[in-house]
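Undergrad: First, the structure itself, so that you have it in front of you.
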Amino acid sequence: MEIFFEKGEMMSASVQIFVLAFIRVILEDIGGQMDEGIILIADDIPMGRHFIKTYVAKVGNGKVIDRKMPKMENFELGFKIVNTGMKEEQAEEFLGKEDFLPVLVTGGVLPSYLRTQHFFLRIRETDMKVLDDVNFQVKMQGLKAFIIENINVFIEDTQKAVNENKPYVRSLLYIENLLSQYYQRYYELKKEEADEMVDELGKFTEKLLKTSEDIIHANGDVREEISDRFFQFVATNQELVMLDVNDEINPMISKDKVIWFDDEYYYLTDAMLRKVCGKVLELVSVNELKAILREEGILYCDASGDYSIKIVVKTQNGEKRPRVLKLRKLYLTVDGECLEDIYQERESNND
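For the sequence shown, the working numbering assigns the number 13 to the initial residue and increments by one for each residue that follows.
Rendered as structure tokens:
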């Protein structure tokens with residue numbers, strides 16, 4: 013039995029860039045192609061490398077670009093990882109390649125020279141799950157067959173609107189139109205379901221464009237938003253436990269649900285930071301967020317420069333040494349209130 017991509021899977025980075033590579037060829041033939049490649053932002057280099065390796069192995073239209081340029085077809089993607097030695101002119105030259113779709117992949121911190129008018133896509137854990145799925149390759153083959161079978165229809169559709177919008181906006185609109193037709197064909201949607209699908213993909217496109225624009229201005233936004241995110245999380249998350257660092261912790265409570273504190277600092281795990289700053293991580297990677305927190309004086313780093321430290325906490329079963337991030341309380345107070353004050357107010361209201 014044939015299997016096809018589900019709605020959520022179609023919005024993954026791997027499916028989006030695959031369709032973009034084919035759309036790019038169609039637009040090129042009628043003079044409406046994107047004027048440069050795209051930038052994928054992973055949480056770290058290992059995630060970026062895993063994405064590239066898996067995509068190349070499973071999809072068949074991607075190649076890794078190293079020092080020597082391989083022979084490329086116009087429907088292919090060329091992946092290149094941004095390394096510490098890459099200069100701005102090298103990145104821009106690569107993104108300007110026209111014989112294939114150039115894809116720069118960053119892990120961790122996005123270099124400041126790339127934080128300009130480019131088109132960005134984030135690689136998330138959900139994207140990796142779609143790519144790692146055992147049926148991904150079969151689903152991708154079905155999507156490819158659908159595109160080839162309906163290529164003339166897409167050319168007609170693109171010609172009608174080729175002069176509308178910026179190149180990357182236009183490309184995204186075509187991607188979602190193609191995926192909408194694909195989904196309607198194989199899931200035999202009723203009209204109201206089809207309309208809902210089109211609307212949902214339209215909103216997804218708007219979100220991609222907004223996120224791409226926000227990434228350019230992310231540093232300033234992050235600085236302003238961090239304390240608000242912490243306060244909202246403490247005020248609303250019922251699973252959170254806040255403890256004085258000298259208090260004993262129940263061994264049944266996960267360290268990833270705790271924020272410890274003393275007179276000057278808050279201590280929380282990497283996983284807890286991800287929970288608190290989920291919205292911020294739409295704009296920056298985890299490592300980039302930590303770099304910003306360090307630059308702002310919020311995140312304490314020891315002489316070695318490590319972002320995390322180990323602390324000693326007491327449990328009923330003895331001492332534990334969790335690895336945590338150490339954040340200065342001074343920068344996470346609003347109107348004189350500390351996070352533990354907000355937590356105590358919430359707990360009192362729950363009683």
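The beta carbon of each residue, even a glycine, is placed where N, CA and C say it ideally should be.
Quantities reported herein were computed from a predicted structural model and do not represent experimental measurements.
Applying the 10 Å Cβ sphere with the 16-neighbour rule, what's the burial state of R79?
TA: When all chains shown are included, R79 counts as exposed.
Undergrad: Distance check for I159 and R36, CA to CA, integer angstroms please.
TA: Straight-line Cα distance between these residues: approximately 13 Å.
Undergrad: In three-state terms, what does DSSP make of I323?
TA: The answer is coil: DSSP assigns I323 none of H, G, I, E or B.
Undergrad: Grouping DSSP H, G and I as helix and E and B as strand, with all else coil, what is M84?
TA: Looking at M84 - three-state DSSP - the assignment turns out to be coil, as it is neither helix nor strand.
Undergrad: Decide if A25 is buried, meaning its Cβ has at least 16 other Cβ atoms within 10 Å, or exposed.
TA: That one is buried.
Undergrad: Throw me the rounded Cβ distance for the M254 and E352 pair, which I believe falls under 8 Å.
TA: The pair is a contact, with the Cβ atoms about 5 Å apart (cut-off 8 Å).
Undergrad: Buried or exposed for N361, please, with buried defined as at least 16 other CB atoms from any protein chain shown within 10 angstroms of its CB.
TA: The residue is exposed, with fewer than 16 neighbouring Cβ atoms inside 10 Å.
Undergrad: In the DSSP assignment, what are the bridge partners of R136?
TA: Answer is none; R136 lacks a bridge partner.
Undergrad: Just tell me which of T128, V68, G119, P263 has its CA closest to the CA of S224.
TA: Nearest of T128, V68, G119, P263 to S224, Cα basis: T128.
Undergrad: Buried or exposed: where does D55 fall if 16 or more other Cβ atoms within 10 Å of its Cβ makes it buried?
TA: Buried, since its Cβ has 16 or more Cβ neighbours within 10 Å.
Undergrad: Report yes or no: do three or more beta-carbon pairs, one from the region 305–312 and one from the region 333–344, lie closer than 8 Å?
TA: In short, these stretches touch, since the Cβ pair count reaches three.
Undergrad: Whole angstroms are fine: how far does the CA of Y278 sit from the CA of Y67?
TA: C-alpha separation (whole angstroms): 40 Å.
Undergrad: Hey, L89 and I29 are a contact pair by Cβ (cut 8 Å); roughly how many whole angstroms apart?
TA: So it is a contact: roughly 6 Å between Cβ atoms.
Undergrad: According to DSSP, simplified to helix, strand and coil, what is R335?
TA: R335 falls in the strand class under three-state DSSP.
Undergrad: Can you tell me whether S266 is buried or exposed, with buried defined as 16 or more other CB within 10 angstroms of its CB?
TA: Under this definition S266 is an exposed residue.
Undergrad: Please name the residue in N73, Y194, F148 whose C-alpha comes closest to that of V115.
TA: Out of N73, Y194, F148, N73 has the C-alpha closest to the C-alpha of V115.
Undergrad: Return the residue from the list H62, V142, N95, G108 that minimises the CA-CA distance to D47.
TA: Of the listed residues, the one whose Cα sits closest to D47 is G108.
Undergrad: Following the continuous alpha helix (DSSP H) through G20, name the residue where it begins and the one where it ends.
TA: First-last of the alpha helix (DSSP H) with G20: 19–22.
Undergrad: P114 lies in the alpha helix (DSSP H); which residues open and close that run?
TA: Looking at the DSSP string, P114 is not in any alpha helix (DSSP H); the run it does join, the beta strand (DSSP E), is 113–119.
Undergrad: Could you give the distance in angstroms between the alpha-carbon of L190 and the alpha-carbon of L122?
TA: Straight-line Cα distance between these residues: approximately 31 Å.
Undergrad: Counting only the same chain and skipping the five closest in sequence on each side, list residues whose C-beta sits under 6 Å from that of N329.
TA: So the qualifying residues of the chain are P263.
Undergrad: Among I261, T138, Q244, E161, which has the Cα closest to the Cα of E357?
TA: Of I261, T138, Q244, E161, the residue nearest in Cα terms is Q244.
Undergrad: Would you tell me roughly how many angstroms separate the C-alpha atoms of E21 and L344, rounded to the nearest one?
TA: Going by the C-alpha atoms only, they are around 37 Å apart.
Undergrad: Going by C-alpha distance, which of N249, N258, E300 is nearest M284?
TA: Closest option to M284, Cα to Cα, is N249.
Undergrad: When the Cα atoms are used, what is the spatial distance from K397 to N147?
TA: The requested residue 397 is not part of the displayed model; the chain covers only 13 to 363.
Undergrad: So the candidates are K70, H130, E212; which of them puts its Cα closest to the Cα of D144?
TA: Taking only the C-alpha atoms, the option nearest D144 is K70.
Undergrad: Which value, in whole angstroms, describes the spacing of the CA atoms of L348 and K222?
TA: The sequence shown places Gly at residue 348, not Leu. Roughly 33 Å separates the two Cα atoms.
Undergrad: Excluding five sequence neighbours on each side, which residues of the same chain lie with their C-beta closer than 8 Å to the C-beta of K19?
TA: So the list reads Y195, M209, E212, once near-sequence residues are dropped.
Undergrad: DSSP state of E225, grouped into three classes?
TA: Three-state result, E225: helix.
Undergrad: Hey, how far is the Cα of L184 from the Cα of D139?
TA: Distance between the alpha carbons of L184 and D139: 18 Å.
Undergrad: If you follow the alpha helix (DSSP H) that D353 is in, where does it begin and where does it stop?
TA: 351–362 is the extent of the alpha helix (DSSP H) around D353.
Undergrad: Would you report the Cα separation of K326 and I64, rounded to the nearest angstrom?
TA: C-alpha separation (whole angstroms): 43 Å.
Undergrad: Under 8 Å between the Cβ atoms of Q95 and D111?
TA: The identity of residue 95 in the sequence shown is Asn, whereas the question assumes Gln. No; because the gap between Cβ atoms is not below 8 Å, this pair is not in contact.
Undergrad: Excluding the 5 residues flanking W272 on each side, which residues of the same chain have their C-beta closer than 8 Å to its C-beta?
TA: Hits under 8 Å: M254, L255, D256, V257, Y278, Y279, L280, I323, V325, V336.
Undergrad: Any idea if G317 is buried or exposed, counting beta-carbon neighbours within 10 angstroms, 16 or more meaning buried?
TA: When all chains shown are included, G317 counts as exposed.
Undergrad: Count the other CB atoms, across all protein chains shown, that sit within 10 Å of the CB of S320; report buried if there are 16 or more and exposed otherwise.
TA: Buried, by the Cβ-count rule.
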